[in-house]
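Only one structure is covered here, and it is reproduced in the block below.
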Amino acid sequence: MKLGRPARRATLVVHVIGAACWLGLTLGLVALALTAITTDASAAVEASVRSMKVYADWLVLPLALLTLVSGLVLSLGTQWGLARHRWVYTKFWLTLATTLASAFALRPGVDESAATVSAGNPVTDTAGLIAGPLISLSAYLFMMVLSVLKPWGLTRRGQKQRASAHKRVDAGDVRQTA
Numbered sequence: 000m001k002l003g004r005p006a007r008r009a010t011l012v013v014h015v016i017g018a019a020c021w022l023g024l025t026l027g028l029v030a031l032a033l034t035a036i037t038t039d040a041s042a043a044v045e046a047s048v049r050s051m052k053v054y055a056d057w058l059v060l061p062l063a064l065l066t067l068v069s070g071l072v073l074s075l076g077t078q079w080g081l082a083r084h085r086w087v088y089t090k091f092w093l094t095l096a097t098t099l100a101s102a103f104a105l106r107p108g109v110d111e112s113a114a115t116v117s118a119g120n121p122v123t124d125t126a127g128l129i130a131g132p133l134i135s136l137s138a139y140l141f142m143m144v145l146s147v148l149k150p151w152g153l154t155r156r157g158q159k160q161r162a163s164a165h166k167r168v169d170a171g172d173v174r175q176t177a
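So for the sequence shown, numbering that gives the first Met the number 0 puts the first residue at 0; every next one is plus one.
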């Protein structure tokens, strides 16, 4: 299945917007986590952790899923393919991993910190509060670099597909000379 030009462009716009929003949201989470772990004001810590909870509960997963699904549609509906180029394959697995980490590590960690702060206790797991957003931020920046540079060439599957395409072209180009 190949996407037509309008569908491809629309999906690409959705994918880039989703990825940019996910990156911006993660930068916000890093800033809020830094505020929570570096300030002595309990009101600022509570506001930061509660804000992180809103981000994690309402924004992270929809943006992660939007980016994942639009990336899959683009890879399957264009010449890039999901398993033809190493950079696309790497981006897919990193996006899937960060989506799962957001759902099963980041959100529960932020929820736990929010519950701790709401009970009037100080945040004890400051490393856990900042680690998730920093790891996510690193992964997103790496994926953006992959999108721009498109390194590493074809996978084995991509090489086989290219070779079989060349054989079909060569076989159709045989001419009788005698």
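A virtual CB, placed ideally from N, CA and C, is assigned to each residue, including glycine.
Inter-residue Cα distance where the pair is Ala30 and Gly119: 22 angstroms
Endpoints, alpha helix (DSSP H) assigned at Thr115: 106-117
Given 8 angstroms, three or more beta-carbon pairs between the segment 26-43 and the segment 122-129: yes
Nearest-angstrom Cα separation, counted from Val122 out to Thr115: 6 angstroms
Coil, strand or helix - Val81 by DSSP: Checking the displayed sequence, the identity of residue 81 turns out to be Leu instead of Val. If DSSP states are grouped into helix, strand and coil, Leu81 belongs with coil.
Cutoff 8 angstroms; reference Leu95; Cβ partners in own chain excluding five residues on either side: Leu67
Endpoints, the alpha helix (DSSP H) within which Met51 is located: 41-54
6 angstroms Cβ shell around Gln90 - same chain, five flanking residues per side excluded: Inspection of the sequence shows that residue 90 is occupied by Lys rather than by Gln. Answer for Lys90: Met142, Leu145, listed in chain order.
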